[in-house]
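Counting in this note's numbering, the sequence shown runs from 6 upward without gaps. We put the beta carbon where it would ideally sit given N, CA and C, even for glycine. Predicted model, so just to flag it, every value in this text is computed and none were measured.
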Amino acid sequence: MDRKFELVSKYKPAGDQPKAIEKLVKGIQEGDDTQTLLGITGSGKTFTIANVIEKVQKPTLIIAHNKTLAAQLYNEFKELFPNNAVEYFISYYDYYQPEAYIPRTDTYIEKSASINEEIDRLRHNTTRSLYERNDVIIVASVSCIYGLGLPESYFKGTIKVSVGDTLERNDLIKHLVMTQYTRNDLVLERSTFRARGDILEIMPAYEKIITRIYFFGDEVEKIVRIDNLTGEILEAPESVMIYPAVHYIAYDENEDETISMIRTELKNRVAELESQNKILESQRLQQRVKYDIEMIKEMGYCSGIENYSRIIERRPVGSAPATLLDYFR
Numbered sequence: 006m007d008r009k010f011e012l013v014s015k016y017k018p019a020g021d022q023p024k025a026i027e028k029l030v031k032g033i034q035e036g037d038d039t040q041t042l043l044g045i046t047g048s049g050k051t052f053t054i055a056n057v058i059e060k061v062q063k064p065t066l067i068i069a070h071n072k073t074l075a076a077q078l079y080n081e082f083k084e085l086f087p088n089n090a091v092e093y094f095i096s097y098y099d100y101y102q103p104e105a106y107i108p109r110t111d112t113y114i115e116k117s118a119s120i121n122e123e124i125d126r127l128r129h130n131t132t133r134s135l136y137e138r139n140d141v142i143i144v145a146s147v148s149c150i151y152g153l154g155l156p157e158s159y160f161k162g163t164i165k166v167s168v169g170d171t172l173e174r175n176d177l178i179k180h181l182v183m184t185q186y187t188r189n190d191l192v193l194e195r196s197t198f199r200a201r202g203d204i205l206e207i208m209p210a211y212e213k214i215i216t217r218i219y220f221f222g223d224e225v226e227k228i229v230r231i232d233n234l235t236g237e238i239l240e241a242p243e244s245v246m247i248y249p250a251v252h253y254i255a256y257d258e259n260e261d262e263t264i265s266m267i268r269t270e271l272k273n274r275v276a277e278l279e280s281q282n283k284i285l286e287s288q289r290l291q292q293r294v295k296y297d298i299e300m301i302k303e304m305g306y307c308s309g310i311e312n313y314s315r316i317i318e319r320r321p322v323g324s325a326p327a328t329l330l331d332y333f334r
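As structure tokens, then:
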């Protein structure tokens with residue numbers, strides 16, 4: 006959707022700001038990849054950059070070196086651009102313990118993590134905005150340069166549902182399950198759905214509003230969006246976009262080949278470990294990977310499937326995975 010950046014402020018650029026804005030805009034238009042804005046604390050650097058964004062009219066990524074500064078900048082840009090999409094993208098972990106293995110005691114420590122649901126929702130809303138709009142400002146931490154999953158697969162998992170569409174309710178349910186939504190007929194939470202007769206209710210990963218879809222046979226009869234707390238109908242749109250519940254979606258049209266490649270890599274790694282007399286490590290690795298293979302064969306997905314992303318995406322050894330930067334279109 007084409008919308009213009011609109012800076013809303015009672016202040017106007019003053020002092021050295023107009024000159025700085027002019028130089029920065031000119032540099033961007035001339036393709037200068039690296040520019041530096043200098044200024045002491047309180048000199049209005051955020052306001053200066055906001056003016057640059059309004060003049061350049063391009064989707065913008067602002068990276069802060071910590072979460073505290075990112076939150077501060079997010080609030081400031083939300084105030085300066087109230088009519089545009091200002092998004093927040095930081096790590097969603099409140100707690101993270103990576104998986105580990107202690108050969109001396111043959112102890113395997115599973116990955117343990119506590120995810121902040123609200124931050125995860127904001128991350129999903131970020132990628133949604135990048136797909137739907139051009140007027141997007143993303144304030145992020147260094148989390149934005151970590152692997153996120155291929156945007157092609159993520160957007161392939163997006164489905165548009167419109168009133169009048171010929172669509173079986175069960176087909177939509179299958180699509181939701183494939184994109185990692187969970188069925189919960191009792192309590193509707195984020196990234197879940199429930200089915201009751203000809204009515205399907207979905208709470209997407211990126212918002213707190215319920216999307217209710219009415220079916221009449223194999224036709225979409227009506228769509229309404231409902232407040233999750235009050236049950237009030239907010240709107241009745243003609244169509245809605247439903248995005249995946251996770252960023253890493255594994256669409257693998259050559260699953261047998263992928264599994265064969267995983268087994269080959271496992272065989273090579275096992276041989277390497279055994280040549281170093283690391284028998285316990287070898288056994289543990291085989292146990293874990295073989296379990297993952299069975300899950301992929303049965304469900305098309307496994308916990309930690311991002312560990313196999315290079316093989317699934319057919320990327321060269323040592324190549325970088327997709328990050329948030331790849332979602333800019």
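Of all C-beta pairs linking the stretch 167–182 to the stretch 114–132, fewer than three are shorter than 8 Å, placing the two stretches out of contact. Per the Cβ contact rule, the stretch 239–249 is in contact with the stretch 148–167 (3 or more Cβ pairs under 8 Å). Residue pairing by DSSP places R199 opposite E206 in a beta bridge.
Under the DSSP definition of a beta bridge, R217 partners with E206, V229. Nearest in C-alpha terms to D170, of all of V182, F220, I95, is F220. Between the alpha carbons of Q40 and L329 lies a gap of roughly 22 Å. Counting C-beta pairs with one atom in each stretch, the stretch 11–28 and the stretch 98–105 have fewer than three that are closer than 8 Å, which means they do not touch. Between I142 and F94 a beta carbon distance of about 11 Å is seen, past the 8 Å cut, so the two are scored as non-contacting. For the pair E59 and L12, the CB atoms are nearer than the 8 Å cut-off. For the pair E277 and P108, the CB atoms are not nearer than the 8 Å cut-off. By the neighbour-count criterion, in which a residue is buried when 16 or more other Cβ atoms sit within 10 angstroms of its Cβ, P64 is buried.
Every unbroken stretch of the alpha helix (DSSP H) spanning 4 or more residues and falling wholly within the stretch 31–91 is given here in chain order: 50–61, 72–85. If you look at E240, you'll find it in the beta strand (DSSP E) that goes 238–240. Following the DSSP letters along the chain, one finds S244 inside the beta strand (DSSP E) bounded by residues 244–247. I254 and G154 do touch by the CB rule: their CB atoms are close to 6 Å apart, below 8 Å. With respect to the 8 Å criterion, L271 and V294 are classified as neighbours on the basis of their beta carbons.
In the displayed model, K165 falls within a strand according to three-state DSSP. Inter-residue distance for E226 and R201 is about 15 Å (C-alpha atoms, whole angstroms). Listed in chain order, the alpha helix (DSSP H) elements of length 4 or more contained wholly in the stretch 87–155 are 122–137.
Between the C-alpha atoms of I67 and P321 there is a straight-line separation of about 30 Å.
The C-alpha of S280 lies about 13 Å from the C-alpha of Q288. Contact annotation, I238 with V168: C-beta distance approximately 15 Å; criterion of less than 8 Å not satisfied.
DSSP lists F198 as the bridge partner or partners of R188.
By the CB criterion at 8 Å, R126 and R195 fall inside the cutoff.
Between F10 and N89, the C-beta gap is smaller than 8 Å, which places the two residues in contact.
When only Cα atoms are considered, I218 and I231 end up about 11 Å apart.
DSSP lists E224 as the beta-bridge partner residues of T171. Ranked by how close their Cα comes to the Cα of Y332, the residues Y136, I45, V147 have Y136 in first place. Here the alpha carbons of G222 and T73 stand approximately 51 Å from one another. Contact annotation: A55 and A145 have beta-carbon atoms that are not nearer than 8 Å. Only exposed fits P87, as fewer than 16 other CB atoms lie within 10 angstroms of its CB.
Excluding sequence positions up to five before and after D297, its CB lies within less than 6 Å of the CB of C307, all in the same chain and listed in chain order. Across the set L42, I33, G49, the C-alpha of G49 shows the shortest separation from the C-alpha of Y16.
A direct Cα-Cα distance of roughly 17 Å separates E262 from N273. Residue environment analysis places D140 among the buried positions, since at least 16 neighbouring C-beta atoms fall within 10 angstroms of its C-beta.
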